[in-house]
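Remarks on the structure that follows.
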Amino acid sequence: MKAMWFSQYGSADFLELKDIPKPCPKKNEVLVKVYGASINSWDWELLMGKPFVNRLEFGLLKPKKINVLGCDIAGRVEAVGTTVTQFKAGDEVFGDLSRAGWGGFAEYVCAPEHALVTKSENMTYEQAAALPQAALLALQGLRDKGQIQPGQKVLINGAGGGVGSFALQLAKFFGAQVTGVDCASKLDVMRLAGADEVIDFNKQNFTENGQHYDLILDVAAYHTLSDYKSALSPYGRFVMVGGSMALANRLILFGRLNSIFDHKKMGLLLHKANQGLGFINALYDAGKIVSIIDRTYHLNELAEAFKYFEKGQTNGKIVIKINDINSPK
1496 MKAMWFSQYG SADFLELKDI PKPCPKKNEV LVKVYGASIN SWDWELLMGK PFVNRLEFGL
1556 LKPKKINVLG CDIAGRVEAV GTTVTQFKAG DEVFGDLSRA GWGGFAEYVC APEHALVTKS
1616 ENMTYEQAAA LPQAALLALQ GLRDKGQIQP GQKVLINGAG GGVGSFALQL AKFFGAQVTG
1676 VDCASKLDVM RLAGADEVID FNKQNFTENG QHYDLILDVA AYHTLSDYKS ALSPYGRFVM
1736 VGGSMALANR LILFGRLNSI FDHKKMGLLL HKANQGLGFI NALYDAGKIV SIIDRTYHLN
1796 ELAEAFKYFE KGQTNGKIVI KINDINSPK
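Residues in the sequence shown are numbered from 1496 upward in steps of one, following our numbering.
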């Protein structure tokens, strides 16, 4: 089978399309023929070898534990292990493999059954591949960590990308009044995703505009903790999903301490892979959320796709077509 091989940190140019053996599922795994995958920031960070903690986990000088990137996949079950009970050959599935060995940028991948759910018939494989990690980061950040409530004023920073475009839709589903923040080229997609107000961060600093928000979800956090606190309402919550590693470390060290002295809560989201994916599936079926896809590339164009992702101009998600199929059937 063909797979995009990852053997060096630092550049998408190091990726190599190779023929490697087709995997065989272990007793608790399913073999999936992959039709769609998508790029997430975790893929790009691991490709670059940044932050340094990634190298401590996956290989100091070169990747050792993972040689095929790709967390989010959608495809059809080809075979199942002897103890698998949830799936059978022919089932259409999707899921996040970031806690299950990665490997999505390949024609086939094996995954434990707990890492997958049945794909809705209303989704194409490309639409399904855009969902798992980004939509669940948004859901877990807003609902679980942020405890979003109807009528709240919610701000999403980095709202034009993958996580942000789902966060806007989910915040509207939960009945919030939503402000999206990103660069000027993403204002239209933020409006498309449901933002009541949009802010170009190059023209306005939302932490200094005099507005106060009940919940701030930040996908690209770079302001100071004191700036975020000043932008919160008296009982507001700040949830960091992505951004500066230095800020994440400060939040881990001081976030809970800061919350002791007033009612404002500051926290870092710890992603739980695939938890809530059934709920996302149901929302998609009901037409409450959609996958906003900026560009679609083929597997042999993965390096080009990463270079586009690196520019930070993506509106929604970038999807990779693996095997040649255009419909969910």
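Built from N, CA and C at the ideal position, the CB exists for glycine as well.
Just so it is clear, the structure is predicted and the values come from calculations on it, not from any experiment.
8 Å contact criterion, which residue i and residue j should meet: CB distance rounded
| i | j | result |
| --- | --- | --- |
| aspartate 1538 | leucine 1564 | 5 Å |
| isoleucine 1813 | phenylalanine 1804 | 6 Å |
| leucine 1710 | isoleucine 1643 | 6 Å |
| tyrosine 1717 | leucine 1742 | 7 Å |
Residues near residue i by beta carbon distance below 6 Å, same chain, minus five either side
| i | result |
| --- | --- |
| lysine 1521 | Gly1576 |
| alanine 1633 | Val1658, Phe1661, Ala1662, Leu1665 |
| asparagine 1535 | Cys1566, Gln1628 |
| methionine 1496 | Lys1517, Glu1602, Tyr1603 |
| valine 1714 | Gly1653, Val1658, Gly1659, Val1736, Gly1737 |
| histidine 1793 | Lys1816 |
Residues near residue i by beta carbon distance below 7 Å, same chain, minus five either side
| i | result |
| --- | --- |
| valine 1673 | Val1649, Ile1651, Leu1663, Ala1666, Lys1667, Gly1689, Ala1690, Asp1691 |
| glycine 1554 | Lys1560 |
| serine 1725 | Thr1702 |
Of the listed residues the options, nearest to residue i (C-alpha basis)
| i | options | result |
| --- | --- | --- |
| leucine 1541 | Ser1506, Asn1697, Cys1519, Val1736 | Ser1506 |
| alanine 1569 | Ala1624, Leu1797, Cys1605, Leu1764 | Ala1624 |
| leucine 1763 | Gln1581, Ser1786, Arg1732, Ile1788 | Arg1732 |
| alanine 1601 | Phe1801, Met1735, Ala1532 | Ala1532 |
| asparagine 1617 | Tyr1504, Met1543, Gly1646, Val1785 | Val1785 |
| isoleucine 1788 | Glu1796, Gly1811, Phe1801 | Gly1811 |
| leucine 1712 | Gly1705, Ala1800, Lys1760, Leu1682 | Lys1760 |
| valine 1734 | Ala1574, Trp1500, Gln1635, Thr1578 | Gln1635 |
Distance cut-off 8 Å: residue i Cβ against heavy atoms of the ligand NAD
| i | result |
| --- | --- |
| leucine 1687 | Only the bare structure without any ligand can be found here, which leaves the ligand NAD out of the picture. |
8 Å CB neighbourhood of residue i in its chain, flanking five on each side removed
| i | result |
| --- | --- |
| threonine 1791 | Glu1621, Ile1813, Val1814, Ile1815, Lys1816 |
| threonine 1580 | Glu1608 |
C-alpha distance - residue i paired with residue j, whole-angstrom precision
| i | j | result |
| --- | --- | --- |
| glutamate 1524 | glycine 1641 | 34 Å |
| glycine 1782 | threonine 1613 | 17 Å |
| lysine 1824 | arginine 1571 | In this predicted model, lysine 1824 has a pLDDT of only 42, less than 50, meaning its place in the structure is not dependable enough to derive any value. |
| tyrosine 1723 | valine 1527 | 43 Å |
| leucine 1746 | lysine 1513 | 41 Å |
| glutamine 1699 | aspartate 1780 | 37 Å |
| threonine 1809 | phenylalanine 1701 | 21 Å |
Cβ contact check for the segment 1619–1638 and the segment 1587–1601: 3 or more pairs under 8 Å:
yes
Cβ contact (3+ pairs, closer than 8 Å) linking the segment 1763–1776 and the segment 1592–1611
Three or more beta-carbon pairs separated by less than 8 Å link the segment 1763–1776 to the segment 1592–1611, which places the two stretches in contact.
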